[in-house]
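K.L.:
Residue 9 is where the sequence shown starts when you use our numbering, and the numbers rise one by one after that.
Below is one structure. I have some questions about it.
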Amino acid sequence: MWKYTGSERPAFAEEPKPGQESVWDYPRPPALVTCTNDILVGDAGQVVAHTTQALRVLETASPPTYYLPPDAVDWNLLEKLDQHSWCEWKGEATYWGLATDKAAGAVGWSYHAPHHTFAAIDGFMSFYPGRIACYIDGEQVKAQAGGFYGGWVTKNIVGPMKGDPGTGHW
Numbered sequence: 009m010w011k012y013t014g015s016e017r018p019a020f021a022e023e024p025k026p027g028q029e030s031v032w033d034y035p036r037p038p039a040l041v042t043c044t045n046d047i048l049v050g051d052a053g054q055v056v057a058h059t060t061q062a063l064r065v066l067e068t069a070s071p072p073t074y075y076l077p078p079d080a081v082d083w084n085l086l087e088k089l090d091q092h093s094w095c096e097w098k099g100e101a102t103y104w105g106l107a108t109d110k111a112a113g114a115v116g117w118s119y120h121a122p123h124h125t126f127a128a129i130d131g132f133m134s135f136y137p138g139r140i141a142c143y144i145d146g147e148q149v150k151a152q153a154g155g156f157y158g159g160w161v162t163k164n165i166v167g168p169m170k171g172d173p174g175t176g177h178w
């Protein structure tokens, strides 16, 4: 069985074309990088968040996850849920739902007092593109497969990616 060592793109990985990124070129442990793309998150005609000052988390085998600064989020449209999870890199996540649609469940999450390596995302918000509409420079983002993951798949990201069928051992 193939085992990732963190030093090479595996033979089964798609070769990125010009302007594309391979998730197999992202680091492990994950990296946090600035992003000046136009990021818009909305539902039912309402803008939930909008910024050109996001942060991207890049992690081997996963599409990027985008974190939007607190001042870019309309917190009146969100409601904190009694739901949490743990990330080995970032710490405890708090989940958020739409205040107008409590039955929809979590549409995003945030970290408060994350591990020091990810201190820059403290209070920032990330969203599930499969549960609320997310856009990067006008392109609607596709959800990362697997339900739990929050990666943002766009035309410039190639895999295969964690969450796809047959990737459970990654």
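Each residue gets a CB set at the ideal place from its N, CA and C atoms; glycine is no exception.
Predicted model only: the values in this text are computed from it and were never measured.
According to the Cβ coordinates, are valine 115 and isoleucine 144 closer than 7 Å?
P.N.:
Translated into the one-based positions of the sequence shown, residue 115 becomes position 107. Translated into the one-based positions of the sequence shown, residue 144 becomes position 136. For valine 115 and isoleucine 144, no; Cβs fall outside 7 Å.
K.L.:
Apart from the five residues on each side of it in sequence, which residues of its chain come closer than 7 Å, Cβ to Cβ, to glycine 174?
P.N.:
Residue mapping note: residue 174 aligns to position 166 of the sequence shown, counting from 1. Answer for glycine 174: no residue qualifies.
K.L.:
So, helix, strand or coil for asparagine 164, using DSSP?
P.N.:
On the sequence shown, position 156 is the one that residue 164 refers to. If DSSP states are grouped into helix, strand and coil, asparagine 164 belongs with coil.
K.L.:
How big is the Cα-Cα spacing for tryptophan 117 and glycine 27?
P.N.:
Position 109 of the sequence shown, counting from 1, holds the residue named residue 117. Position 19 of the sequence shown, counting from 1, holds the residue named residue 27. Going from the Cα of tryptophan 117 to the Cα of glycine 27 covers about 29 Å.
K.L.:
DSSP beta-bridge partners for lysine 88?
P.N.:
Walking along the sequence shown from the start, residue 88 turns up at place 80. Looking at the DSSP assignment, lysine 88 forms a beta bridge with Trp104.
K.L.:
Does the count of Cβ pairs from the segment 60-77 and the segment 41-52 closer than 8 Å reach three?
P.N.:
Taking one beta carbon from each stretch, the segment 60-77 and the segment 41-52 have 3 or more pairs nearer than 8 Å; the two touch.
K.L.:
What did DSSP end up calling valine 56 once you bin it into helix, strand or coil?
P.N.:
Against the sequence shown, residue 56 aligns to sequence position 48. Valine 56 falls in the strand class under three-state DSSP.
K.L.:
Do you know how far the Cα of alanine 21 is from the Cα of glutamine 32?
P.N.:
For the purposes of this step, residue 32 is identified with residue 24 of the sequence shown, where counting begins at 1. For the purposes of this step, residue 21 is identified with residue 13 of the sequence shown, where counting begins at 1. Reading the sequence as shown, one finds tryptophan at residue 32 and not glutamine. For tryptophan 32 and alanine 21, the distance between alpha carbons rounds to 7 Å.
K.L.:
What span of residues does the beta strand (DSSP E) with glutamate 67 cover, start to end?
P.N.:
As a working mapping, residue 67 is identified with position 59 in the sequence shown. Going by DSSP, glutamate 67 is part of the beta strand (DSSP E) stretching over 62-67.
K.L.:
Just the Cα atoms here: how many angstroms apart are valine 149 and isoleucine 165?
P.N.:
Taking the sequence shown and counting its residues from 1, the one referred to as residue 149 is at position 141. Taking the sequence shown and counting its residues from 1, the one referred to as residue 165 is at position 157. Distance between the alpha carbons of valine 149 and isoleucine 165: 11 Å.
K.L.:
Taking the C-alpha atoms as reference points, what is the distance between glutamate 23 and leucine 85?
P.N.:
Here the question's residue 23 lines up with position 15 in the sequence shown. Here the question's residue 85 lines up with position 77 in the sequence shown. In a straight line, the C-alpha of glutamate 23 is about 40 Å away from that of leucine 85.
K.L.:
Measuring straight from C-alpha to C-alpha, what distance separates threonine 44 and alanine 111?
P.N.:
Residue mapping note: residue 44 aligns to position 36 of the sequence shown, counting from 1. Residue mapping note: residue 111 aligns to position 103 of the sequence shown, counting from 1. Computed Cα separation, rounded: 33 Å.
K.L.:
Check tryptophan 94 in the structure and name its three-state DSSP category.
P.N.:
Here residue 94 corresponds to residue number 86 of the sequence shown, with the count starting at 1. In the structure shown, tryptophan 94 sits in a strand (DSSP, three-state: E or B).
K.L.:
From glycine 105 to methionine 133, what distance separates their C-alpha atoms?
P.N.:
To locate residue 105, count along the sequence shown from 1; it is residue 97. To locate residue 133, count along the sequence shown from 1; it is residue 125. Taking the straight line from one Cα to the other gives about 12 Å.
K.L.:
Just to confirm the assignment, what range does the beta strand (DSSP E) spanning methionine 169 have?
P.N.:
In the sequence shown, the residue the question calls residue 169 occupies position 161. Boundaries cannot be given for methionine 169, as no beta strand (DSSP E) includes it and DSSP labels it neither H nor E.
K.L.:
With H, G and I counted as helix, E and B as strand and the rest as coil, what does DSSP make of methionine 9?
P.N.:
Reading the sequence shown from its first residue, position 1 is the one you call residue 9. Low confidence applies here, because methionine 9 scores a pLDDT of 40, under 50, leaving its location unreliable and the question unanswered by this model.
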